[in-house]
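Novice: With my numbering as the guide, the letters of the sequence shown map in order to residues 1 to 383.
Note that the Cβ used here is the ideal one computed from N, Cα and C, for glycine as well.
Got a structure here, written out as structure tokens. Questions coming.
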Amino acid sequence: MAENKRDFYEVLGVGKGASDDEIKKAYRKMAMKYHPDKNPGNKGAEEKFKEANEAYSILSDADKKNKYDRFGHAGVDPNAGYGGFGGAGGFGGGGSGGFDDIFDMFGGMFGGGGTQRRRNGPTKGRDLQQSVSVSFNEAAFGTKKQIQINKYVNCQACDGTGAEKGTSKINCPKCNGSGEVRTVKSTPFGQFQSSAPCDRCNGTGEIIENPCRVCAGSGKVRKTVTISVDIPAGVDNDSVISIRGQGEPGGNGGPNGDFYVVVSVTPHKVFKRNGSDLILEMPISFTQLALGDDIIVPTLSEKISYKIPAGTQPDTVFRIKGKGIKSVRTGKMGDLYIKVDLEIPTKMTVDQKKKLKELADVLGHESYIKKSKFADTMKELFK
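So, in structure tokens, the structure goes:
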């Protein structure tokens, strides 16, 4: 139920006004700390890992984050109705979860069946996560990756039942299929009945007389599988791609877990990225800036001609619309920003130096507006 969940910002350890980058960094830290591979058999770490995945899947999506900020968990509960309220059952979309909790609390005294029903009910399989590295261009234009992962899958020999082919599970003779063993105690206040999970069937109500020889009755085996992952155009570092149902098998007919792919993008040799925009620092000579020039500008897909006006100053930034990267969220193309990087020659012959000095004498201070103004200011300061 949504009301039992912790605040997503609290889960990731960030404030409500946290930026996208802060949310990404916090999630990555949590995922690394509680990843199942680093905490084998640690159920607490596994739950925190799932909790962090769920929190990031909401807070990294602008639309879902907006709904969550407005309505809380109810705004992003898939089982809830409009705005997260009035879903099936009328109580946050859950319908019966709260009543199960009440039965769990009082079932031991009054013989309720809440614990047994939940233990026998379907459970979702374990979620999995793996990183994938893509090149800068693959992230910009999208690609498809084949990822190999070793995980539990349903045993084909027994179709995931755990029982040898041709046989099936039977009701536990100790609890008669209820999953619970009840005891009655006499006290000065009368007789009280209590119940506990059956130790023979572990509360499932069923046992396997003839376990499958392949999976030893577990219904699952480890196997290396290849999963095809579509990397959409525009993904960036720490983007998370969720693939439903590609985690590990669920229990008692429950759904499979999910598979989360964390994208790592290798830097480009020339371009830098700011969201969906590209930044290019381009070396330009003094002559080109002074006289103006038609330069050839590289983009991720082609080369284009761009005219630099005469008198362009160092560090000037020019913008070329639509030559950036496609945004995953909006589908719009970003822009390309060209930053002028003045390059001063360092290797000159004696003759070149002489001619450059002659040019400087010809130009004089009047050709340099900033330099002339600075010289005038200095004169006033030291009168």
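(1) Going by the beta-carbon positions, is the gap between M282 and I344 smaller than 9 Å?
(2) For F271, does the count of other Cβ atoms within 10 angstroms reach 16, so buried, or fall short, so exposed?
(3) Are A26 and P36 close, meaning C-beta to C-beta below 9 Å?
(4) Which of the three DSSP states is assigned to I208 in this structure?
(5) So, with DSSP's three-state summary, where would you put Q313?
(6) Note down, in chain order, each residue of its chain lying with its Cβ closer than 6 Å to the Cβ of N237, except the 5 sequence neighbours on either side.
(7) Quick one: grab the DSSP three-state call for T348.
(8) Would the beta-carbon of V262 fall within 9 Å of that of C155?
(9) With three or more beta-carbon pairs closer than 8 Å as the criterion, would you say the segment 237-249 touches the segment 134-154?
(10) Residues bridged to F318 by DSSP?
(11) In this structure, does DSSP put E343 in helix, strand or coil?
(12) Just the C-alpha distance for A88 and D77, rounded to the nearest angstrom, thanks.
(13) When the Cα of I147 is compared with those of D199, A233, G254, I241, which residue comes out closest?
(14) Compute the Euclidean distance between the alpha carbons of S285 and I325, then round it to the nearest angstrom.
(15) Exposed or buried, M32, counting other C-beta atoms within 10 Å across all chains shown (16 or more means buried)?
(16) Within 10 Å of its beta-carbon, does L59 have 16 or more other beta-carbons around it, so buried, or fewer, so exposed?
(17) Can you list, in chain order, the residues of its chain whose CB lies under 6 Å from that of C201, leaving out five sequence neighbours each side?
(18) Consult DSSP for L300 and reduce its assignment to one of helix, strand or coil.
(19) Taking C212 and E164 to be in contact with their CB atoms under 8 Å, please state how far apart those CB atoms are, rounded to whole angstroms.
(20) Going by beta carbon distance, what residues of the same chain come within less than 7 Å of K321, once the five residues before and after it are set aside?
(21) Can you tell me whether S239 is buried or exposed? The criterion is at least 16 other CB atoms within 10 Å of its CB, across all chains shown.
(22) Name, in chain order, the residues that DSSP records as bridge partners for E180.
(23) Only counting the same chain, and skipping five residues up and downstream in sequence, which positions put a Cβ closer than 7 Å to that of K5?
(24) In the DSSP output, which residue or residues are listed as bridge partners for D277?
(25) Helix, strand or coil: how does DSSP classify G292 here?
(26) Kindly provide the ranges of any alpha helix (DSSP H) runs that are 4 or more residues long and lie completely inside the segment 4-51, ordered along the chain.
Specialist: According to the data block:
(1) no
(2) buried
(3) no
(4) coil
(5) coil
(6) Once the five neighbours on either side are set aside, the close Cβ partners of N237 are V265.
(7) The question names Thr, yet the displayed sequence has Met at residue 348. Here M348 sits in coil by DSSP.
(8) no
(9) yes
(10) As computed with DSSP, F318 is found in a beta bridge with I338.
(11) Shown here, E343 sits in a strand according to DSSP, grouped into three states.
(12) Residue placement at A88 is flagged as unreliable, the pLDDT there being 34, under the threshold of 50; the coordinate-derived value follows with that caveat. Looking at the two C-alpha atoms, the distance is approximately 11 Å.
(13) I241
(14) 28 Å
(15) exposed
(16) buried
(17) C172, I207
(18) coil
(19) Contact flag correct, Cβ pair sits at about 5 Å.
(20) Answer for K321: D335, listed in chain order.
(21) Buried: at least 16 other Cβ atoms inside 10 Å.
(22) Looking at the DSSP assignment, E180 forms a beta bridge with P197.
(23) H73
(24) Looking at the DSSP output, D277 bridges to N274.
(25) coil
(26) Those alpha helix (DSSP H) runs which fall completely within the segment 4-51 and span 4+ residues are 8-12, 20-34.
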